[in-house]
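Okay, so here's the structure we're looking at.
So, in structure tokens, the structure goes:
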């Protein structure tokens, strides 16, 4: 998720932000992702640098450790239009995401 596509960037707690600032090989921030079928997936959010064709780098958030399973279970394909919504749940404010797919096109 490229930073410049985020509608809001204040969804992390100070502790979560600090974890993502670490440049070592940490797993990232643990989170739950809920898919359209209401299946809950354990994932990690990590901040990554991505090189562009121009040679410049951009910062992105990446959902890792389970994303490929989510893609397969939800039959996602390259260039599918999806949204990822963030929210906190429970007393402890556990970082969570919702995978939102666009409605299917109307059938004639």
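Residue numbers (my numbering): -12 to 95.
Beta carbons: idealized from backbone N, C-alpha and C, even for Gly.
Here the structure is a predicted model, which is why all the values come from computation and not from measurement.
- Residue 34 is a Cβ neighbour of residue 7, given a cutoff of 8 angstroms.
- Taking a 10 Å sphere around the C-beta of residue 16, we find 16 or more other C-beta atoms and assign the residue as buried.
- Counting along the chain, no beta strand (DSSP E) covers residue 2; the unbroken alpha helix (DSSP H) around it starts and ends at 1 to 8.
- When the Cα atoms are used, residue 70 and residue 87 turn out to be separated by approximately 5 angstroms.
- Sequence-distant partners of residue 19 (beyond 5 residues in either direction) whose C-beta falls short of 6 angstroms from its own C-beta, in its chain, are 27, 83.
- Within the model, the alpha-carbon separation for residue -10 versus residue 38 is close to 14 angstroms.
- Residue 79 has its alpha-carbon roughly 42 angstroms from the corresponding atom of residue 41.
- For residue 57, the closest C-alpha among the options 44, 25, -5, -7 is that of 25.
- Non-local C-beta neighbours of residue -7 in its own chain, meaning closer than 7 angstroms and more than five positions away in sequence, are absent.
- Residue 55 has its alpha-carbon roughly 10 angstroms from the corresponding atom of residue 63.
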